[in-house]
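Taking it in order: structure first as structure tokens, then the write-up.
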Amino acid sequence: MVPYNTDKFGSHIVTLRVKLHRKEASVVDLMKKFFAYFVDKILYEHDAIRVTVIFDCTDAGVSNVVRYIIVHNMPWILNAVWKIIKTMLPSEGVERIRFTTKDGILDYVDRQNLAKYMGGEDPYVYNYEKGKPLGERCPLVSYPKVVIPP
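In terms of the UniProt record's numbering, the sequence shown opens at residue 1 and continues consecutively.
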């Protein structure tokens with residue numbers, strides 16, 4: 001995570017270099033907290049309203065950031081398209097793509113965490129409200145505000 005200048009609209013830029021990210025369960029929560037702290041610190045110190053986050057994927061492989069790409073309930077007609085696309089992907093990428101149907105998705109997502117419209121039990125429905133912060137629209141992504149003493 002690197003603070004880097006401002007964008008064309010005056011927002012401070014935070015750059016995340018994806019190729020440097022490693023999946024280690026022991027540090028995931030720490031990284032989330034550090035990111036929240038880092039952004040909050042920029043907002044506080046610079047009296048900013050927003051930041052721009054750039055995910056720099058230069059030289060990053062799929063394994064750095066994606067566990068699976070799940071394609072759910074793909075129509076059979078698209079199988080021919082998939083066969084063509086598959087030949088263009090590296091084997092590492094092909095191994096991460098999973099195709100699921102109604103019950104197969106439960107191998108990857110617990111029923112209570114799966115949206116009702118996909119056969120799960122989670123009643124949450126995302127609703128975009130202009131001007132409302134993401135954490136208030138989608139409570140699952142909200143983080144506690146980090147308070148920085150003056």
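Just so you know, even glycine gets a beta-carbon here, dropped at the ideal spot from N, CA and C. Since the model is a prediction, treat every value here as computed from it, not as a measurement.
Asked                                                                                                 : Found
Top-ranked residue by Cα proximity to residue 8, from 43, 26, 115 and 52                              : 52
Unbroken stretches of the alpha helix (DSSP H), 4 residues or longer, contained in the stretch 6-70   : 25-45 and 62-65
Per-residue burial, residue 105 [other beta carbons within 10 Å of its own, 16 or more giving buried] : buried
CA-to-CA distance, residue 16 to residue 38, given in whole angstroms                                 : 12 Å
Simplified DSSP state of residue 98, which is helix, strand or coil                                   : strand
Helix, strand or coil at residue 107 [DSSP, three-state]                                              : helix
Short Cβ contact (8 Å threshold) for residue 117 with residue 68                                      : no
Proximity winner among 88, 34, 125 and 71, relative to residue 101 (alpha-carbon distances)           : 71
Distance between residue 21 and residue 28 (C-alpha atoms, nearest Å)                                 : 10 Å
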